[in-house]
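Residue numbers (the working numbering): 26 to 425.
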Ligand SMILES: [Zn+2]
């Protein structure tokens with residue numbers, strides 16, 4: 026097996042195991058096997074709060090500094106995929122569910138450790154690779170990892186960044202708008218306030234106002250993403266609708282919080298319907314799962330998405346984890362300018378609750394994450410391996 030094939034073996038082995046969020050027993054076993062294969066001491070860490078969810082990790086060394094490389098090993102479902110979900114090579118691309126988000130990223134880290142071990146490099150410090158559980162749904166793996174590794178000196182999450190070093194990530198506010206009207210017959214629409222029209226006005230007001238450019242610490246101006254995800258309302262054409270609900274995903278940046286944004290959203294909704302008689306709009310936070318059902322109040326899903334919330338962070342570019350990865354990217358011929366990840370990942374808990382310098386670096390590209398023809402570019406994959414190999418040594422030191 027040549028070097029390139031050897032590195033790709035970690036990618037193809039991981040992608041070949043189905044691991045849709047919540048159904049992760051098989052991938053935990055395979056990932057544990059790969060961690061052992063590269064000479065790491067493995068452990069399973071059950072996630073408190075969610076029965077059956079387990080993180081799987083491998084450790085090398087026990088000194089300081091401590092570098093934690095993390096990646097979720099679950100994926101979104103296969104529905105509608107136009108390529109083989111369990112892996113298919115076409116030219117310089119490897120297709121399949123999770124290739125970019127994010128088995129490709131964590132496989133590149135494994136391949137890097139494998140190369141270091143085969144070269145006989147003796148690392149200083151401690152390296153931990155964590156495969157986290159259920160990131161696509163309950164996010165319990167990231168939450169558990171933060172408890173287990175709050176003493177880390179640097180954290181890298183291998184989510185897709187196109188081999189750029191992302192020092193910031195967005196928070197996500199799960200918004201629900203309920204518009205209330207007054208029931209009536211459609212032949213006299215003036216009598217009742219129309220909930221669907223009220224929801225339309227409020228949704229437009231929120232989307233228009235919040236789709237703005239925000240100055241993000243360390244990374245500069247970024248456009249906020251606001252997605253209208255689900256709408257439900259009305260009964261039949263002859264009835265003026267009494268209720269219409271809309272669910273949106275509002276991204277936010279470091280320095281902003283969900284409660285602050287909610288205050289602004291509530292004011293926008295009030296203003297939007299002020300001239301519409303017989304209606305009102307209420308804004309609350311609620312997350313729907315992939316089947317369109319809300320996580321019940323008091324459940325783990327509600328705790329993570331609403332009560333605790335998915336927050337934003339920015340990491341100081343002067344920290345050593347950022348420096349180690351930027352230099353390694355430069356050396357590999359990549360673009361070493363710092364970036365922002367266009368999303369949220371489960372290392373956020375370490376970054377915000379424990380103030381561990383945290384970055385995202387992965388060879389996948391977020392544009393094809395969750396897509397019908399998800400793939401990873403193999404040249405980027407190998408660049409990712411090279412960057413991980415060099416950055417791990419730069420961060421931990423070589424004790425030879
Ligand atoms: Zn992901």
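In this text, a Cβ means the ideal position worked out from N, Cα and C, and glycines have one as well. Only a predicted model underlies this, so the values are computations on that prediction, with no experimental measurement involved.
Quiz prompt | Distance between beta carbons of residue 57 and residue 99, contact taken as under 8 Å | solution = Here residue 99 is taken as the residue at index 74 of the chain shown, counted from 1. Here residue 57 is taken as the residue at index 32 of the chain shown, counted from 1. With a Cβ gap of about 15 Å, residue 99 and residue 57 do not count as contacting.
Quiz item: Would you say residue 157 and residue 206 are within 8 Å of each other, going by their C-beta atoms?
Solution: Position 132 of the chain shown, counting from 1, holds the residue named residue 157. Position 181 of the chain shown, counting from 1, holds the residue named residue 206. The answer is no: Cβ separation not under 8 Å.
Exercise. Identify which residue in 297, 372, 410 and 408 has its Cα closest to the Cα of residue 196.
Key: Working through the chain shown from its first residue, we reach residue 196 at position 171. Out of 297, 372, 410 and 408, 372 has the C-alpha closest to the C-alpha of residue 196.
Exercise. State the DSSP-derived secondary structure class of residue 325, mapped to helix, strand or coil.
Key: Stepping through the chain shown from its first residue, residue 325 is reached at position 300. Residue state, collapsed to three classes: helix.
Quiz item: Smallest Cα separation from residue 183: which of 169, 422, 246 and 406?
Solution: As a working mapping, residue 183 is identified with position 158 in the chain shown. Of 169, 422, 246 and 406, the smallest CA-CA separation from residue 183 is found for 406.
Quiz item: What are the partner residues of residue 247, as DSSP defines its beta bridges?
Solution: Taking the chain shown and counting its residues from 1, the one referred to as residue 247 is at position 222. DSSP output for residue 247 lists 239 as bridge partner(s).
Quiz item: Are the beta-carbon atoms belonging to residue 395 and residue 30 less than 8 Å from one another?
Solution: Working through the chain shown from its first residue, we reach residue 395 at position 370. Working through the chain shown from its first residue, we reach residue 30 at position 5. No, the Cβ-Cβ distance between residue 395 and residue 30 is not below 8 Å.
Quiz item: How would you write the range of the beta strand (DSSP E) that residue 65 sits in, first residue to last?
Solution: Translated into the one-based positions of the chain shown, residue 65 becomes position 40. Membership of residue 65 in any beta strand (DSSP E) is not indicated, and neither H nor E is assigned to it by DSSP.
Quiz item: Quick one, are the C-beta atoms of residue 118 and residue 413 less than 8 Å apart?
Solution: For the purposes of this step, residue 118 is taken as residue 93 along the chain shown, with counting starting at 1. For the purposes of this step, residue 413 is taken as residue 388 along the chain shown, with counting starting at 1. Between residue 118 and residue 413, the C-beta gap is not smaller than 8 Å, which leaves the two residues out of contact.
Quiz item: Smallest Cα separation from residue 393: which of 43, 67, 79 and 121?
Solution: Numbered from its first residue, the chain shown carries residue 393 at position 368. Here the closest residue by C-alpha is 121.
Self-check item: Buried or exposed (CB count within 10 angstroms, at least 16 for buried), residue 46
Solution: Here residue 46 corresponds to residue number 21 of the chain shown, with the count starting at 1. Under this definition residue 46 is a buried residue.
Quiz prompt | Whether residue 384 touches residue 346 by CB criterion (8 Å) | solution = Taking the first residue of the chain shown as position 1, residue 384 is located at position 359. Taking the first residue of the chain shown as position 1, residue 346 is located at position 321. Cβ distance < 8 Å, so residue 384 and residue 346 count as in contact.
Quiz prompt | At least three beta-carbon pairs within less than 8 Å, the stretch 254–266 to the stretch 320–328 | solution = Flag = no, the stretch 254–266 and the stretch 320–328 do not touch.
Quiz item: By how many angstroms is the C-alpha of residue 198 removed from the C-alpha of residue 336?
Solution: For the purposes of this step, residue 336 is identified with residue 311 of the chain shown, where counting begins at 1. For the purposes of this step, residue 198 is identified with residue 173 of the chain shown, where counting begins at 1. The straight-line gap from Cα to Cα measures roughly 8 Å.
Exercise. Can you have a look at residue 73 and say buried or exposed, based on whether 16 or more other CB atoms are within 10 angstroms of its CB?
Key: Start at 1 with the first residue of the chain shown, and residue 73 comes out as number 48. Exposed, by the Cβ-count rule.
Quiz item: Counting pairs of beta carbons, one from the stretch 172–182 and one from the stretch 269–280, are three or more of them closer than 8 Å?
Solution: Flag = no, the stretch 172–182 and the stretch 269–280 do not touch.
Quiz item: With burial defined as no fewer than 16 other Cβ atoms inside 10 Å of the residue's Cβ, what is the status of residue 69: buried or exposed?
Solution: Locating residue 69 in the chain shown gives position 44, where the first residue counts as 1. Exposed, because fewer than 16 other Cβ atoms sit within 10 Å of the Cβ of residue 69.
Quiz item: Can you find at least 3 beta carbon pairs, one from the stretch 99–114 and one from the stretch 356–365, that sit closer than 8 Å?
Solution: No: fewer than three Cβ pairs fall under 8 Å.
Quiz item: Who are the near neighbours of residue 397 in its chain, counting only those whose CB is closer than 8 Å to its CB and skipping five residues on each side?
Solution: In the chain shown, counting from the first residue as 1, residue 397 sits at position 372. Taken in chain order, the residues that qualify are 105, 106, 107 and 108.
Quiz prompt | Option in 201, 254, 149 and 192 with minimal Cα separation from residue 242 | solution = Residue mapping note: residue 242 aligns to position 217 of the chain shown, counting from 1. Cα-wise, what sits closest to residue 242 is 192.
Exercise. Out of 61, 368, 285 and 256, point me to the one whose CA is closest to residue 271's CA.
Key: As a first step, residue 271 must be located in the chain shown, where it is residue number 246. With distances taken between Cα atoms, residue 271 lies closest to 256.
Self-check item: Which listed residue (251, 211 and 290) has its alpha carbon closest to that of residue 227
Solution: Reading the chain shown from its first residue, position 202 is the one you call residue 227. Out of 251, 211 and 290, 290 has the C-alpha closest to the C-alpha of residue 227.
Quiz item: Buried or exposed: which applies to residue 284, given that a residue is buried once 16 or more other Cβ atoms fall within 10 Å of its Cβ?
Solution: Stepping through the chain shown from its first residue, residue 284 is reached at position 259. By the neighbour-count rule (16 or more Cβ atoms within 10 Å), residue 284 is not buried but exposed.
Quiz item: Expressed to the nearest angstrom, what Euclidean distance is found between the alpha-carbon atoms of residue 224 and residue 251?
Solution: By one-based count along the chain shown, residue 224 stands at place 199. By one-based count along the chain shown, residue 251 stands at place 226. If I take the Cα positions, the gap works out to 16 Å.
Quiz prompt | Test item: CB-CB of residue 233 and residue 92 under 8 Å | solution = Start at 1 with the first residue of the chain shown, and residue 233 comes out as number 208. Start at 1 with the first residue of the chain shown, and residue 92 comes out as number 67. No. Outside cutoff.
Self-check item: Assigned secondary structure, residue 320 (DSSP; H/G/I helix, E/B strand, else coil)
Solution: As a first step, residue 320 must be located in the chain shown, where it is residue number 295. The answer is coil: DSSP assigns residue 320 none of H, G, I, E or B.
Quiz item: Taking Cβ positions, are residue 185 and residue 390 nearer each other than 8 Å?
Solution: Translated into positions along the chain shown, residue 185 becomes position 160. Translated into positions along the chain shown, residue 390 becomes position 365. With contacts defined as CB atoms closer than 8 Å, residue 185 and residue 390 qualify as a contacting pair.
Quiz item: By Cβ distance, which residues of its chain are closer than 6 Å to residue 147, with the 5 residues on each side in sequence left out?
Solution: Here residue 147 refers to the residue found at position 122 when the chain shown is read from its first residue. Residues of the same chain with a CB within less than 6 Å of the CB of residue 147, apart from the 5 flanking positions on each side, are 424 and 425 in chain order.
Quiz item: Just to confirm, does residue 77 get its C-beta within under 7 Å of one of the non-hydrogen atoms of ligand 1?
Solution: Numbered from 1 along the chain shown, position 52 holds the residue referred to as residue 77. Residue 77 has its Cβ no nearer than 7 Å to any heavy atom of ligand 1.
Quiz item: If we call anything under 8 Å between Cβ atoms a contact, is residue 313 one with residue 231?
Solution: Walking along the chain shown from the start, residue 313 turns up at place 288. Walking along the chain shown from the start, residue 231 turns up at place 206. Cβ atoms of residue 313 and residue 231: not closer than 8 Å.
Quiz prompt | Nearest candidate by alpha-carbon position, reference residue 65, set 38, 310, 85 and 213 | solution = Translated into positions along the chain shown, residue 65 becomes position 40. When only C-alpha atoms are compared, the closest one is 85.
Quiz item: Which two residues bound the contiguous beta strand (DSSP E) that contains residue 172?
Solution: Here residue 172 corresponds to residue number 147 of the chain shown, with the count starting at 1. Careful: residue 172 lies outside any beta strand (DSSP E), inside the alpha helix (DSSP H) at 165–173.
Quiz item: So does residue 97 have its beta carbon nearer than 7 Å to some heavy atom of ligand 1?
Solution: Position 72 of the chain shown holds residue 97. Because some heavy atom of ligand 1 lies under 7 Å away, the Cβ of residue 97 counts as near it: yes.
Practice problem: State the DSSP-derived secondary structure class of residue 282, mapped to helix, strand or coil. | Solution: For this step, residue 282 is matched to residue 257 along the chain shown. Note: residue 282 maps to coil in three-state DSSP.
Exercise. Apply the 10 Å Cβ neighbour rule to residue 339 and answer buried if 16 or more other Cβ atoms are within range, or exposed otherwise.
Key: The sequence position of residue 339 within the chain shown is 314, counting from 1. So residue 339 ends up on the buried side.
Quiz prompt | Spatial distance of residue 238 from residue 229 (CA atoms) | solution = What you label residue 238 is simply residue 213 of the chain shown in a count that begins at 1. What you label residue 229 is simply residue 204 of the chain shown in a count that begins at 1. About 17 Å.
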